[in-house]
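K.L.:
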Ligand SMILES: *Cc1c(COP(=O)(O)O)cnc(C)c1O
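In this note's numbering, the protein residues as written are 430 to 852.
1) Within 10 angstroms of the Cβ of residue 490, are there 16 or more other Cβ atoms? Answer buried if so, exposed if not.
2) Considering residue 494, what are the terminal residues of the beta strand (DSSP E) in which it resides?
3) Distance check for residue 604 and residue 587, CA to CA, integer angstroms please.
4) Assuming the contact rule is C-beta atoms closer than 8 angstroms, residue 544 and residue 669 should be a hit. Round their C-beta distance to whole Å, please.
5) Is DSSP giving residue 632 helix, strand or coil here?
6) Could you check if residue 766 belongs to the surroundings of ligand 1, using beta carbon to heavy atom distance under 7 angstroms?
7) Would you please state the rounded distance, in angstroms, between the beta carbons of residue 786 and residue 842? I believe it to be under 8 angstroms.
8) Looking at the structure shown, is residue 834 part of a helix, part of a strand, or coil, going by DSSP?
9) I want to check one thing, is the minimum distance from the CB of residue 642 to the heavy atoms of ligand 1 below 7 angstroms?
10) Count the other C-beta atoms from every protein chain shown that fall within 10 angstroms of the C-beta of residue 464, then say buried if there are 16 or more, exposed otherwise.
11) Within 10 Å of its beta-carbon, does residue 832 have 16 or more other beta-carbons around it, so buried, or fewer, so exposed?
12) Pick helix, strand or coil for residue 749, following the three-state DSSP scheme.
13) Looking at residue 813 and ligand 2, is the gap between the Cβ and the nearest heavy atom below 7 angstroms?
14) Are the beta-carbon atoms belonging to residue 657 and residue 674 less than 8 angstroms from one another?
15) Rounded to the nearest angstrom, how far is the Cβ of residue 679 from that of residue 534, given a contact under 8 angstroms?
16) Give the DSSP-derived three-state secondary structure of residue 535 in the structure shown.
17) Restricting to runs no shorter than 4 residues, where is the alpha helix (DSSP H) found entirely within the segment 592-643?
18) How many angstroms separate the CA atom of residue 723 from the CA atom of residue 627?
19) Kindly indicate which three-state DSSP category residue 842 falls into: helix, strand or coil?
20) DSSP three-state call for residue 375: helix, strand or coil?
21) Going by C-alpha distance, which of 758, 685 and 599 is nearest residue 546?
22) With a threshold of 16 other CB atoms inside 10 Å of the CB of residue 796, please say whether the residue is buried or exposed.
23) Just checking my contact of residue 589 with residue 562 at CB under 8 angstroms: how many whole Å lie between their CB atoms?
24) Could you tell me whether the segment 554-574 touches the segment 811-829, using the rule of 3 or more Cβ pairs below 8 angstroms?
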């Protein structure tokens, strides 16, 4: 009884038996007064009897019991502690508690990938006969979940232009259960008005899920703006250095206990303890990285706007972004993604990509290394040309994920590549 023998919980003493893990006791938790940067370094720490400075990696599948009675009690949720790492693991708990504290959420569940987080948050809730509304400018695999997978199980989906509040309102039906959107969107960096869309959801008894990957937890607080659930691909900016896959769902205790918890325990999209450890270390440096990347992204976007064969620059931090006012209202920074259109269509874009020396061609984002993508032929090639046009994905569009290199080196590389694309 009491706390698990091998852990000395620093901050958390109260146990919620149903969860079979220790959760934060808000009254006793000294971290409540910490500033965000401090939470990202110290939040959620559980130290073992060795008093290690850095978080320990509990790379274990299971846990042993001191007696048959203890095992019995633990399965009845009468004894605190862990049973099996599909249900919970101390390193994963540390990551969940740190992210949850920073996000201001009641609960967090870490998952193996961002897509596992998206799938879990939707499929743990909806059932046959339900209806989901999603913004059509979605990450490709997210669009597959709502457009292709959900209908196979009798869950209908309506895709709307996420920028148009009237379309959200008009799509609501008596059986609508969820709204789902990302903002800024991939790859055209369109914004959705989180506050207004979540209000429409709330007024109609609908849960709203925000995929907050592009904004990162640093630049956008969907829960404070009325969202019910936030999902991350921690693969991106939370790892931040291109190493491990991971995801997270942040939600209320009610959603966790009634829906998500059993989904995660029984279907098994659990995060690896090793990956959780990498993500914990990623959170420690996230404020520094995101600030540096946002600063560089603005410099790069402004430099691109001066290039003669760049026909359009899309960056939420620039005054010429079509939704600049909304960007200012809901994001304290423009983010680290910049999209731009090169003259000459696909051939022009390819000449530019192939001439880059420093910036690497990849479909990934959120890395310390700057990465470029040609969405029309990679991440969005499965869409029809009409669908791409609808989303503003032209053949000349390039998506740039700004890394941690010196801004001037990036600007030089892009400028040289654009010159090569002109010839
Ligand atoms: C990458 C990404 C995902 C999926 O995350 P994985 O970790 O690759 O599964 C979902 N949404 C957005 C916006 C992403 O960028």
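All residues carry an ideal CB built from backbone N, CA and C; glycine is no exception.
P.N.:
Here's the rundown:
1) Here the question's residue 490 lines up with position 61 in the chain shown. With fewer than 16 other Cβ atoms within 10 Å, it is exposed.
2) Here residue 494 is taken as the residue at index 65 of the chain shown, counted from 1. Careful: residue 494 lies outside any beta strand (DSSP E) and carries neither H nor E.
3) Here residue 587 is taken as the residue at index 158 of the chain shown, counted from 1. Here residue 604 is taken as the residue at index 175 of the chain shown, counted from 1. Whole-angstrom Cα-Cα distance: 12 angstroms.
4) Within the chain shown, the letter at position 115 stands for residue 544. Within the chain shown, the letter at position 240 stands for residue 669. That belief does not hold up - the Cβ atoms of residue 544 and residue 669 are roughly 19 angstroms apart, past 8 angstroms.
5) For the purposes of this step, residue 632 is taken as residue 203 along the chain shown, with counting starting at 1. Residue 632: helix per DSSP, three-state reduction.
6) Here residue 766 is taken as the residue at index 337 of the chain shown, counted from 1. False, no ligand heavy atom lies under 7 angstroms from that Cβ.
7) Position 357 of the chain shown, counted from the first residue, corresponds to residue 786. Position 413 of the chain shown, counted from the first residue, corresponds to residue 842. Indeed they touch by this definition, with Cβ atoms about 6 angstroms apart.
8) Taking the chain shown and counting its residues from 1, the one referred to as residue 834 is at position 405. Residue 834 falls in the coil class under three-state DSSP.
9) Residue 642 sits at position 213 when you count from the first residue of the chain shown. Indeed, a heavy atom of ligand 1 lies less than 7 angstroms from the Cβ.
10) Looking up residue 464 in the chain shown gives position 35. Exposed, by the Cβ-count rule.
11) By 1-based counting over the chain shown, the position of residue 832 is 403. That one is buried.
12) The residue you call residue 749 lines up with position 320 of the chain shown. Coil at residue 749, not helix or strand.
13) In the structure on display, ligand 2 does not appear, and the ligands it does have are ligand 1.
14) For the purposes of this step, residue 657 is taken as the residue at position 228 of the chain shown. For the purposes of this step, residue 674 is taken as the residue at position 245 of the chain shown. No.
15) Here the question's residue 679 lines up with position 250 in the chain shown. Here the question's residue 534 lines up with position 105 in the chain shown. Yes, they are in contact, since the Cβ atoms of residue 679 and residue 534 sit about 4 angstroms apart, within 8 angstroms.
16) Taking the first residue of the chain shown as 1, we reach residue 535 at position 106. The answer is coil: DSSP assigns residue 535 none of H, G, I, E or B.
17) 594-600 and 623-632
18) By one-based count along the chain shown, residue 723 stands at place 294. By one-based count along the chain shown, residue 627 stands at place 198. Rounded to whole angstroms, residue 723 to residue 627 spans 26 angstroms at the Cα level.
19) Along the chain shown, one-based indexing puts residue 842 at 413. Here residue 842 sits in helix by DSSP.
20) There is no way to answer for residue 375, as the model of the chain reaches only from 430 to 852.
21) The residue labelled residue 546 in the question sits at position 117 within the chain shown. When each option's Cα is compared against that of residue 546, the closest is 685.
22) Residue numbering aside, residue 796 sits at position 367 when the chain shown is read from its first letter. By the neighbour-count rule (16 or more Cβ atoms within 10 Å), residue 796 is buried.
23) The sequence position of residue 589 within the chain shown is 160, counting from 1. The sequence position of residue 562 within the chain shown is 133, counting from 1. Right, the Cβ-Cβ distance comes to about 6 angstroms (below 8 angstroms), so this counts as a contact.
24) yes
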